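Chemist:
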Amino acid sequence: MKEYAESMTYDELWPYLEKVNYVHLATVEEGAPKVRMMAVTRYDKQMWVATWSKWNKVRQIKKDGRMEFSAPFSYNDGLGCARGTGYATVISDDKLRKKVAETISWFKDYWGTSDNEEYILIRLDPEVILLDHPTDKKKYTIHVEKD
18 MKEYAESMTY DELWPYLEKV NYVHLATVEE GAPKVRMMAV TRYDKQMWVA TWSKWNKVRQ
78 IKKDGRMEFS APFSYNDGLG CARGTGYATV ISDDKLRKKV AETISWFKDY WGTSDNEEYI
138 LIRLDPEVIL LDHPTDKKKY TIHVEKD
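So my numbering is basically just the index in the sequence shown, starting at one, shifted up by 17.
#1: Return yes when the Cβ of residue 141 is within less than 8 Å of the Cβ of residue 86, no when it is not.
#2: Just to confirm, are residue 57 and residue 39 a CB contact at a threshold of 8 Å?
#3: So what does residue 146 bridge to, in DSSP terms?
#4: May I ask you to report which of helix, strand or coil DSSP gives residue 12?
#5: Please report the Cβ distance between residue 83 and residue 104, rounded to the nearest whole angstrom; I am assuming they are in contact, meaning their Cβ atoms lie under 8 Å.
#6: According to DSSP, is residue 21 helix, strand or coil?
#7: Can you check which of these residues, 44, 67 and 45, is closest to residue 130 by C-alpha distance?
#8: Pull up the distance between the alpha-carbon of residue 37 and that of residue 88, whole angstroms please.
#9: Where residue 27 and residue 136 are concerned, what is the direct C-alpha to C-alpha distance, given to the nearest angstrom?
#10: For residue 47, report the span of its beta strand (DSSP E) as first-last.
#11: Alpha carbons only, please: which of 145, 149, 146 and 133 is nearest the one belonging to residue 114?
#12: Candidates 62, 80 and 29: which alpha carbon is nearest residue 107's?
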């Protein structure tokens, strides 16, 4: 992935990611990218998507977790975009699935409760994020540190 000369930390990036409502999520199937727009939620300084168990993206992620997303957002009257490359992980921990589901305002309209077997929670784990800054118009590289 391209590296920009400017850099910032993930903590410095987070206020911008908090403005993201949708991502264009790319997964891999038979070596080719498959892209779709998804609503994103934030919990514990991470980005998550919820989906139905029957959708192709679930099978694709279980087989090959590589992903990339682009996330346009508005911030202080400017437009920005974050592009992350890394891995997506299907989450099976029931307590975590419930905690994240509680942050999604429209969740009950789709799945009712977090123990619905059709509800799949996916965590987006970017390793590198490129940011087109919404106000200073510079481009930044963020290397996401793992705990």
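All residues carry an ideal CB built from backbone N, CA and C; glycine is no exception.
These numbers were taken from a predicted model, which means no experiment stands behind them.
Modeler: To lay it out plainly:
#1: yes
#2: yes
#3: 101 and 159
#4: The structure shown does not extend to residue 12, since the chain spans only 18 to 164, so no value can be given for it.
#5: 6 Å
#6: coil
#7: 67
#8: 6 Å
#9: 29 Å
#10: Segment: none, residue 47 is in no beta strand (DSSP E) and carries neither H nor E.
#11: 133
#12: 80
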